[in-house]
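Visitor:
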Amino acid sequence: MNLTLILFIVLAAVAVLSALGLLVSRSAIYAALFLVLNFATVAVFYLLLGAPFIAIVQVTVYAGAIMVLFLFVIMLLGAEKLPRAEGLPWQRPLAIGLAAILLVEALYLLLGRLQLSASLGNPSSAANSTDALAELGRTLFSQYLLPFEVTSILLLVAMIGAIVLTKKEKGEAQ
Amino acid sequence: MINAVPLSYYLIVSAALFVMGILGVLLRRNPLIIFMSIELMLNAANLAFLAFSRSFNVLTGQIFVFFVMTVAAAEVAVGLALIVIIFRTKHSINVDLMNSLKG
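Sequences listed follow chains A and B, in order.
FYI, in our numbering the residues of the first sequence are 1 to 174.
FYI, in our numbering the residues of the second sequence are 1 to 103.
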């Protein structure tokens, strides 16, 4: 039981509890803040896994940009609380049962093929994180250059799509 | 020292987060929270990606996580725009009201 394992267990508890908070909180604002907490803990997981760049991107893009967008839309629409809709009576137990089955299946598939004590790979490559970062950039801009460019087109299309979607309605209303 | 945590622990956390995302999609009626649950599932998949990437000592997992994040950002932009549109036409965003294709 060393320090890293203790840190991992505490973070895992925080991550799972904040996900539960997202699941049960009545107010959408609280749900969004729970999700920010979850993203922050997952970013620390990424640091533990030797991926500092991804951790920083997680904090800036996910916990920063995306969640601010979410909070903005929640407050814009005034959708903090929806009136409780009565769902189908059998929906909740069925959903929980199916989710439990999925969890068991996922754990069986993910862990059944591995030795439970399989430790993570050799840290030597990731120990020097600047080298790993340079290697990441080199791979991204050589081997994965085409997907990278396609991603930029995807972002452009999404941006134009969002603008067109929200603007058209305004023109019709006037 | 760095590798004190076995790969399986990360996979367990990832599976738990993913299942909670599924439950959020199935149980909640607020489309914004359903959307957040989808983000939670993407995040769980990213965690599994990075754990395997570290375990097999290849960098490809990190690159794919990078792509998943960009796609998630694009998805959020378009999805939230759609939710705003639905709110403008129906004056509510309860998913139970979204049962017709002609707004």
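Glycine included, every Cβ here is placed at the ideal spot set by N, Cα and C.
Whose Cβ in chain B lies nearer than 8 Å to the Cβ of A:T176?
Guide: Nothing can be reported for residue 176 of chain A, as the shown portion of chain A is limited to 1 through 174.
Visitor: Between A:T41 and the rest of its own chain, which residues show a CB-CB distance below 6 Å, the 5 nearest in sequence each way excluded?
Guide: Hits under 6 Å: L11, V14, A15.
Visitor: Output needed for A:M67: all residues of its chain with C-beta closer than 8 Å, excluding positions within five of it in sequence on either side, in chain order.
Guide: A32, L35, V36, F39.
Visitor: Taking all protein chains shown into account, decide if A:A126 is buried (16 or more other Cβ within 10 angstroms of its Cβ) or exposed.
Guide: Unreliable placement is indicated for A:A126, whose pLDDT of 49 sits below 50; no coordinate value is reported for it.
Visitor: Starting from B:A73, find everything on chain A with Cβ-Cβ shorter than 8 Å and list it in chain order.
Guide: Those are V61, A65, I66, L155, A158, listed as they occur along chain A.
Visitor: Taking Cβ positions, are B:V68 and A:A158 nearer each other than 7 Å?
Guide: Going by C-beta atoms, B:V68 is not nearer than 7 Å to A:A158.
Visitor: Closer than 7 Å by C-beta to B:F35: which residues in its own chain qualify, once you throw out the five before and the five after it? Chain order, please.
Guide: Closer than 7 Å at the Cβ level, and outside the excluded window around B:F35, lie G79.
Visitor: Between A:V104 and chain B, is the shortest Cβ-Cβ distance under 7 Å, so that the two count as touching?
Guide: Output row for A:V104: interface = no.
Visitor: At what residues does the alpha helix (DSSP H) containing A:N38 begin and finish?
Guide: That run of the alpha helix (DSSP H) goes 28-48.
Visitor: Among the residues of its own chain, which have a CB less than 6 Å from the CB of B:F49, if the five just before and after it don't count?
Guide: If we look at B:F49 and ignore the five residues flanking it on each side, its Cβ neighbours are G61, F64, V65.
Visitor: Anything in the stretch 4-34 of chain A with a Cβ closer than 7 Å to a Cβ of chain B? List those residues in chain order, please.
Guide: The residues in question are T4, L5, F8, A12, A15, V16, A19, L20, L22, L23, A28, A31, A32.
Visitor: Using the beta-carbon of each residue, which ones in chain B are nearer than 9 Å to A:I96?
Guide: The contacting residues are L23, L26, L27.
Visitor: Would you call B:E39 buried or exposed, if buried means 16 or more other Cβ atoms sit within 10 Å of its Cβ?
Guide: By the neighbour-count rule (16 or more Cβ atoms within 10 Å), B:E39 is buried.
Visitor: What is the rounded straight-line gap between the Cα of B:R54 and the Cα of A:L49?
Guide: Each residue's alpha carbon lies about 6 Å from the other.
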